Amino acid sequence: MALIYVLVSVERGRLEDARRELSRLPRVSEVNYVTGKYDIVAKLKGAKLEELLRVVATNLQKLRGLKRTETLVAAEI
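So for the sequence shown, my numbering puts the first residue at 109; every next one is plus one.
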């Protein structure tokens with residue numbers, strides 16, 4: 109199973125809308141508010157890493173109000 113986390117910084121006043129829109133994306137299993145440099149972290153789970161990265165690449169750019177994102181791939185060690 110592949111797992112990635114997407115850290116999201118959101119424009120002022122768009123926090124709840126961004127959380128709601130992120131939670132509707134395919135393969136998103138959790139969306140949480142966080143403190144620090146980013147506002148939200150989204151967790152995506154799937155059978156293949158390529159599938160998850162495709163979801164991020166094709167869907168995040170469509171969401172309004174996102175200022176910056178960072179994608180972290182969970183590693184099995």
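C-beta atoms are modelled at their ideal positions from N, C-alpha and C, and glycine is treated no differently. As the structure is a prediction and not an experimental result, all values here were calculated from the model.
Host beta strand (DSSP E) of A110 (start-end): A110 to V118
Reference G121, options L180, V164 and R172, closest by Cα: R172
Rounded straight-line distance, which links the Cα of R127 to that of S137: When rounded, the distance between both Cα atoms is 12 Å.
Cβ-based burial, V181 [other Cβ within 10 Å; buried from 16]: exposed
E124 (DSSP reduced to helix, strand or coil): helix
Between the CA atoms of N167 and E158 - distance to the nearest angstrom: 14 Å
Three-state secondary structure assigned by DSSP to T179: Strand, per DSSP.
Euclidean distance between Cα positions of S131 and K145: 20 Å
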